[in-house]
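Q: Let me begin by handing over the structure; questions about it come next.
In the UniProt record's numbering, the protein residues as written are 1 to 605.
Below you can see the structure in the form of structure tokens.
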């Protein structure tokens, strides 16, 4: 039993020894390597190859097989700490750049490059102690080549984006421009070569995009795109003159096309849209000057059309110009001028499409700015008026027979008052030459004032009516009608006059006579006139002018009139009323004579 136990323990120890042999060998090798590494590091250090020395000292410190010269190694690494930090920084930056390239993360690559620049600037200083070491470490790590490869990878990908945008017609993401501009130019040649290459790409893309948007008819969108591009280029401090140049070219072509096609609405719209763009982006644009000049011409043409009575043409121009500026006031003013020139436009469009047959109207009368009376094809009478507040009132009346043939329509100046117009309509008549109807336009209705069938109607200055051969009362005579309230009443017939000599008026007391005399001096109400051998006094509500006058009236009485003597001193007058009528006064300066007085009913001069 004891033997077995001994044998087992013996065997176990043998096994353990066998197992320790590799460990001892490994330990020995590690010790040898550490000693060798320290020796190599010391040699490199003595040769001032500090970069490789630092690497070996780091390797020796990492070798834990034996604790040998640990303090020495630590002191050397402390001395070489800047190189260690340099290596760690560049290694970390390179790792970050590599990850950015694998993950297609441009911003991360730019961060890595910014970190590289910062590290580089901290070591690459004039006469800096570590400048040469930085160059060596950078070359060892392949920093420049790696970053060049990564940026070229992104350049290739970013240069594909403009073509993709153009193919898809989607221009929302144009970040490729600003990414390309941020790339270090020295990786792709000289700075000018890289700038020229980018400008060629940007110009082709921008111009093609603007052309395609314009061709699609989205002018506002094109200008907004151009404005946005100008601002973005300014933000990134990049000069891109082709944007404004191309926009001017496209708008110049478009505006000239609008003008040549006389599409003034489009011209005005495109002018306003372009002005909004150019006012900030290119205020001295010749295209903008062309647009403003065209607008000025259209405004002048519209005003000229209004002045010449081409109102529809003027309104069409103002409506077109409404795409450029607010022309509501001009349109309204033109419409009012048109209504004033053609008052019938106040009335609603005729339902039968035949329009209004007889029209009379005017302006600034009866308390209205514009007024009009008219009849339609069905003989319905309309009256429209517009007040100073541009409020329109339309009244109508159907008292005229639809079968009547209307000859004329007028607004009578004598029968009308300052506030109430009277419309007189003359139509055909089976019994007489014509039928006459008058309508009074009140505040809220049109009211029939009179209706006659007669051979003629004469409205006297005092508002009475002389109706020639009316059907009914006064038939065969000239009937006289006088207004009472809201209608006219028959008051009698007009007496016929007798043609006589002015010297014989006293022979026809009270009779209606007509004669010709000569007015000696003009006057109103009463003047002295003479016939062949005697004077006659004319009285009436008339203005008499010097010269010959044909008078209709009635002898009513005599009056005495003082006559001056002639220059030869005689008291005899060339004309007297009669030999017995002269009353001689005692003085030769003049005398009183009796002169017949005629109440004048009408006078013609």
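All residues carry an ideal CB built from backbone N, CA and C; glycine is no exception.
The structure displayed is predicted, hence computed values, not measured ones.
For chain C, is any of its Cβ atoms less than 9 Å away from the one on residue 173?
A: Here chain C cannot be found, since the structure has a single protein chain.
Q: What is the DSSP secondary structure of residue 237, counted as helix, strand or coil?
A: Reduced to three states, the DSSP call for residue 237 is coil.
Q: To the nearest angstrom, report how far apart residue 381 and residue 421 are at their CA atoms.
A: Approximately 14 Å, taken between the alpha carbons.
Q: Can you look up residue 45 in the DSSP assignment and give me helix, strand or coil?
A: Note: residue 45 maps to helix in three-state DSSP.
Q: Among all the DSSP beta bridges, which residues are the ones paired with residue 523?
A: The partner list for residue 523 (beta bridge, DSSP) reads 544.
Q: Answer with buried or exposed for residue 384, where buried requires no fewer than 16 other C-beta atoms within 10 angstroms of its C-beta.
A: The residue in question, residue 384, is buried, as its Cβ has 16 or more Cβ neighbours within 10 Å.
Q: I'd like the list of long-range same chain contacts for residue 86, defined as Cβ closer than 8 Å, with 5 residues on each side in sequence excluded.
A: Closer than 8 Å at Cβ, skipping near neighbours: 119, 123, 130, 133, 134, 137.
Q: Where does the unbroken beta strand (DSSP E) through residue 404 begin, and where does it stop?
A: Where residue 404 is concerned, there is no enclosing beta strand (DSSP E), given that its DSSP letter is neither H nor E.
Q: Please state whether DSSP places residue 95 in a helix, a strand or coil.
A: Reduced to three states, the DSSP call for residue 95 is helix.
Q: Whose C-alpha, out of 438, 475, 447, 473, is nearest the C-alpha of residue 463?
A: With distances taken between Cα atoms, residue 463 lies closest to 438.
Q: State the start and end residues of the unbroken beta strand (DSSP E) segment that holds residue 466.
A: Start and end: 465-468.
Q: Please state the DSSP three-state secondary structure of residue 582.
A: Residue placement at residue 582 is poorly supported in this model, since its pLDDT is 37, which falls under 50; the coordinates are not used for a value here.
Q: Ordered along the chain, which non-local residues of its own chain (more than five positions away) have a Cβ less than 7 Å from that of residue 338?
A: So the list reads 311, 345, once near-sequence residues are dropped.
Q: In the DSSP assignment, find the beta strand (DSSP E) that holds residue 358 and state where it starts and stops.
A: Per DSSP, residue 358 belongs to the beta strand (DSSP E) from 356-365.
Q: Return the residue from the list 535, 541, 547, 216 that minimises the CA-CA distance to residue 563.
A: Here the closest residue by C-alpha is 535.
Q: Within the stretch 138-176, note down every full alpha helix (DSSP H) run reaching 4 residues or more, in order along the chain.
A: Qualifying alpha helix (DSSP H) stretches, in chain order: 143-168.
Q: Kindly list the residues whose CB is nearer than 7 Å to the CB of residue 1, restricted to its own chain and excluding five residues on each side of it in sequence; keep chain order.
A: Low confidence applies here, because residue 1 scores a pLDDT of 48, under 50, leaving its location unreliable; read the following figure in that light. Once the five neighbours on either side are set aside, residue 1 has no close Cβ partner at all.
Q: Which whole-angstrom value is the C-beta distance of residue 225 and residue 244, which I expect to be below 8 Å?
A: With a Cβ gap of about 13 Å, residue 225 and residue 244 do not count as contacting.
Q: Taking DSSP as the reference, what is the three-state secondary structure of residue 471?
A: Coil at residue 471, not helix or strand.
Q: In or out: residue 432 buried (at least 16 other Cβ within 10 Å) or exposed?
A: So residue 432 counts as buried.
Q: Where does the unbroken beta strand (DSSP E) through residue 372 begin, and where does it stop?
A: Unbroken beta strand (DSSP E) run through residue 372: 368-376.
Q: How many whole angstroms separate the CB atoms of residue 321 and residue 268, which I take to be in contact at a CB cut-off of 8 Å?
A: That belief holds up - the Cβ atoms of residue 321 and residue 268 are roughly 5 Å apart, short of 8 Å.
Q: Could you check what DSSP says for residue 426 in three-state terms: helix, strand or coil?
A: Strand.
Q: Output yes or no for whether 9 Å exceeds the beta carbon distance between residue 487 and residue 478.
A: Their beta carbons are not under 9 Å apart, which means residue 487 does not touch residue 478 by this criterion.
Q: In terms of residues, what are the limits of the beta strand (DSSP E) holding residue 493?
A: Note, residue 493: beta strand (DSSP E), 487-493.
Q: Is DSSP giving residue 498 helix, strand or coil here?
A: Looking at residue 498 - three-state DSSP - the assignment turns out to be strand.
Q: Which residue from 434, 284, 301, 228 puts its Cα closest to that of residue 172?
A: Nearest of 434, 284, 301, 228 to residue 172, Cα basis: 228.
Q: Return helix, strand or coil for residue 574, following the three-state DSSP convention.
A: Caution is warranted here: a pLDDT of 46 is assigned to residue 574, below 50, making its placement in the model unreliable, and the coordinate value is therefore given only provisionally. In this structure, residue 574 counts as coil in the three-state DSSP scheme.
Q: Can you check which of these residues, 510, 503, 482, is closest to residue 495 by C-alpha distance?
A: That would be 510, whose Cα lies nearest to the Cα of residue 495.
Q: What span of residues does the alpha helix (DSSP H) with residue 279 cover, start to end?
A: Unbroken alpha helix (DSSP H) run through residue 279: 264-281.
Q: If I follow the unbroken beta strand (DSSP E) through residue 206, where does it start and stop?
A: Not the beta strand (DSSP E): residue 206 falls in the alpha helix (DSSP H), residues 191-215.
Q: Between the alpha carbons of residue 287 and residue 441, how many angstroms are there, rounded?
A: Each residue's alpha carbon lies about 58 Å from the other.
Q: Consult DSSP for residue 343 and reduce its assignment to one of helix, strand or coil.
A: Three-state DSSP puts residue 343 in a helix.
Q: Am I right that residue 553 and residue 600 are in contact with their C-beta atoms under 8 Å? What's the rounded C-beta distance?
A: 4 Å between Cβ atoms; contact.
Q: How would you label residue 196, buried or exposed, when you count the other beta carbons within 10 angstroms and need 16 or more for buried?
A: That one is exposed.
Q: Just to confirm my understanding: we take residue 605, look at its own chain, exclude 5 residues before and 5 after, and list those with CB closer than 6 Å. What are they?
A: Once the five neighbours on either side are set aside, the close Cβ partners of residue 605 are 545, 549.
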